[in-house]
Amino acid sequence: MERVISIGGRLQRLLEEAEEEARRRIEEARGRAETLLEEARREAEERLERAKRGVGVDDILRREEEAAKKEAERRMREYRRRVREVERRAKENFEEAVSLVLKEVLPLG
Amino acid sequence: MAEETLELEARLIERVVERREAILKEAEEEAERILREAEEEARRIGEEAEREILNLLSSDLKALRDRIVGAGELEGRRLLMEAREKAVSTVFQEVERRMREIAEGRDESVDYDAVLSHLILEGVEAIGGGDIIIQANERDLERIRRMLKEVRREAERRVEEVNLKLDGKPIEAMGGVILRSVDGSKIYYNTLEGRLARVRRRLEGRVAEVLGVI
Chain A
133 MERVISIGGR LQRLLEEAEE EARRRIEEAR GRAETLLEEA RREAEERLER
183 AKRGVGVDDI LRREEEAAKK EAERRMREYR RRVREVERRA KENFEEAVSL
233 VLKEVLPLG
Chain B
393 MAEETLELEA RLIERVVERR EAILKEAEEE AERILREAEE EARRIGEEAE
443 REILNLLSSD LKALRDRIVG AGELEGRRLL MEAREKAVST VFQEVERRMR
493 EIAEGRDESV DYDAVLSHLI LEGVEAIGGG DIIIQANERD LERIRRMLKE
543 VRREAERRVE EVNLKLDGKP IEAMGGVILR SVDGSKIYYN TLEGRLARVR
593 RRLEGRVAEV LGVI
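As you go down the protein sequences, you meet chains A and B in turn.
Read left to right, the first sequence gives residues 133 to 241 (the numbering used here).
Read left to right, the second sequence gives residues 393 to 606 (the numbering used here).
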């Protein structure tokens, strides 16, 4: 029975060590989290300050430029589609339009 | 007895090991949660900064966008306008080509003598009678000479006093006539190209409608 009690003491320490280790890991995570947030805040603040001076905004301008180019291309595609539609309709109604003008130009009573 | 003790020890050790693993696992999960939340917060901070910067640059970005998209829009409108103008112009070019065929007598479906007669009579009515001189190109002068008697008769029926004469000097025209009073005070241009130009000014919009391009 003494032996069991002795082992019980060692196992209790083992549990205490585990709890200590658990606390350490959580503390370490909190520390890393705090560092991560400080870094994020510092970086955000720096970016904002630089942006106020017009520095470090090239990537934003480039992104906007790319987006604008895509929009311009999209609109051009739409206009080209409308041009094709105009050409198709003009071809389809060509004779009717020619007849209309001819009737107006030639006085045939 | 010893066997029971050993079994007790073994169960105790097993429970403690399980508990130890559970403690460490919980700690690991908690640590992961803390870091995950921190990463999310860091991303949110970054996004917020990005929004503030975008806000700060909004007028520059708008100008950039307007310049690029505006240029594309302008070019697109130009292409569309050109396509519409080309469609309408093609109609008038075709009309001119057919008028030339008619005037040259190559289109038998149209009685060009009747056309000429109408052109002259229209001019006579516009001038209102009196001594009127008719000008035309060489080919049409010849046609008019052949039918002048008949045209005179019809003209006299329409206006009280009229005396039609041909100017023997041909004009440069696709076809049709120019009529003028002898004293030159009244001139009526009724050439085919003149009529076409007038009709074009008047009917371009209608032609575009018929074509279905507006």
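Just so you know, even glycine gets a beta-carbon here, dropped at the ideal spot from N, CA and C.
Item: So, does the CB of glutamate 181 of chain A fall closer than 8 Å to a CB anywhere in chain B?; Value: no
Item: What does a CB cutoff of less than 6 Å around glutamine 527 of chain B pick up in its chain, not counting 5 residues either side in sequence?; Value: Asp559, Ile563, Ile570
Item: Glycine 522 of chain B bridges to which residues according to DSSP?; Value: B:Val554
Item: Quick one, which of B:Asp532, B:Arg435, B:Asp523, B:Glu530 has its alpha-carbon nearest arginine 375 of chain B's?; Value: Residue numbering for chain B in the displayed model covers 393 to 606; residue 375 of chain B lies beyond these limits and cannot be assessed.
Item: Using 8 Å as the threshold, is the C-beta distance between arginine 411 of chain B and leucine 147 of chain A below it?; Value: yes
Item: Name the chain A residues that come within less than 7 Å of arginine 531 of chain B, Cβ to Cβ?; Value: Correct list: empty, because the minimum Cβ distance to chain A is about 17 Å.
Item: Less than 7 Å between the CB of alanine 528 of chain B and some heavy atom of the ligand PLP, yes or no?; Value: For the structure depicted, the ligand PLP is absent and the ligand set is empty, with no information on it obtainable.
Item: Show which residues of chain A have a CB atom less than 7 Å away from the CB atom of alanine 434 of chain B.; Value: Leu168, Leu169, Ala172
Item: With a cut-off of 8 Å, does the C-beta of glutamate 410 of chain B fall near any C-beta of chain A?; Value: no
Item: Could you list the residues in the region 505 to 518 of chain B with a C-beta less than 7 Å from some C-beta on chain A, going in chain order?; Value: Ala506, Val507, His510, Leu511, Glu514
Item: Tell me the residue span of the beta strand (DSSP E) that contains glycine 188 of chain A.; Value: Segment: none, glycine 188 of chain A is in no beta strand (DSSP E) and carries neither H nor E.
Item: Would you mind telling me which residues of chain B sit closer than 8 Å to valine 230 of chain A, beta carbon to beta carbon, in chain order?; Value: Val483, Glu486, Val487, Arg490
Item: Alpha carbon to alpha carbon, how far is arginine 492 of chain B from glutamine 485 of chain B?; Value: 11 Å
Item: Would you mind sorting leucine 556 of chain B into buried or exposed? The rule is 16 or more other CB atoms within 10 Å of its CB.; Value: buried
Item: On the three-state DSSP scale, how would you describe leucine 232 of chain A?; Value: helix
Item: Leaving aside the five residues before and after valine 574 of chain B along the sequence, list all residues of the same chain whose C-beta is less than 7 Å from its C-beta, in chain order.; Value: Asp523, Ile525
Item: Assuming glutamate 433 of chain B contacts leucine 169 of chain A (C-beta within less than 8 Å), just tell me the rounded distance between them.; Value: 6 Å
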